[in-house]
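Numbering (the numbering used here) for the sequence shown: 34 to 185. Where is the CB? At the ideal position from N, CA and C, for every residue including glycine.
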Amino acid sequence: MDHDDRSDLSFVPPSSRSGSRTPRRIRKQPPQDTVKQFWDQFSTKFPGKVYTVLPDNSYARSKAARIPKGAIQGQNAAKPYDQARSECERAVNRIVRECERLNQRYTDPHFDIEVDLKSGRRDYLDGLDVCNLEMQPKGVKRVTVSDLKAAR
């Protein structure tokens with residue numbers, strides 16, 4: 034063998050478990066050939082017929098089975114409103130109890146006028162479509178129910 038023939042062979046040391054095995058030599062491939070060999074394992078020369086585009090979804094099948102077939106009965110329009118209202122009241126009461134338990138005030142991260150003023154955005158104080166240059170307060174105060182009762 035020439036010296037050039039040995040340059041593409043690499044020495045792999047024996048494993049500690051191998052005992053007295055003789056070292057093997059692995060022939061190195063160019064990187065593109067390695068990638069091509071890898072993808073050749075997954076692609077076929079003669080693909081079969083495609084029966085589905087998306088994988089089977091058991092959740093979608095069970096949801097579709099629960100949808101009523103045939104004539105659908107009408108619903109009272111006020112019922113969803115009453116249901117949404119009761120869910121909202123339950124959520125608000127839960128927040129109130131939690132705030133009272135922790136002795137903290139509630140702050141809405143999506144509508145916080147104090148942060149709006151400090152950051153200089155003024156989205157909640159002025160509005161998104163109007164820029165109010167006449168009235169720009171230097172501070173804001175949260176008004177509570179007790180403040181409104183005291184003002185009367």
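What three-state label does DSSP hand residue i in the structure shown?
i    : result
I128 : helix
I100 : coil
R60  : strand
Y13  : Residue 13 lies beyond the residue range present for the chain, which begins at 34 and ends at 185; the question has no answer from this structure.
K7   : No answer is possible for residue 7: the residues shown for the chain start at 34 and end at 185.
R118 : helix
Y139 : coil
L87  : coil
For the alpha helix (DSSP H) containing residue i, name the first residue and the last one.
i    : result
A110 : A110 -> no alpha helix (DSSP H), and no H or E assigned at all.
K174 : Where K174 is concerned, there is no enclosing alpha helix (DSSP H), given that its DSSP letter is neither H nor E.
F71  : 64-73
E167 : That residue, E167, is in no alpha helix (DSSP H); it is neither H nor E in DSSP.
S76  : Where S76 is concerned, there is no enclosing alpha helix (DSSP H), given that its DSSP letter is neither H nor E.
D149 : 146-152
Please list, in chain order, all residues of the same chain as residue i whose beta carbon is under 7 Å from its beta carbon, the five residues on each side excluded.
i    : result
R94  : none
K182 : none
So residue i and residue j are supposed to be a Cβ contact under 8 Å. How far apart are they, rounded?
i    : j    : result
R155 : D149 : 6 Å
Does the distance from the CB of residue i to the CB of residue j come in under 9 Å?
i   : j   : result
Q74 : Q62 : no
Can you give me the Cβ contacts of residue i inside the same chain, cut-off strictly under 8 Å, excluding the 5 residues immediately before and after it?
i   : result
W72 : none
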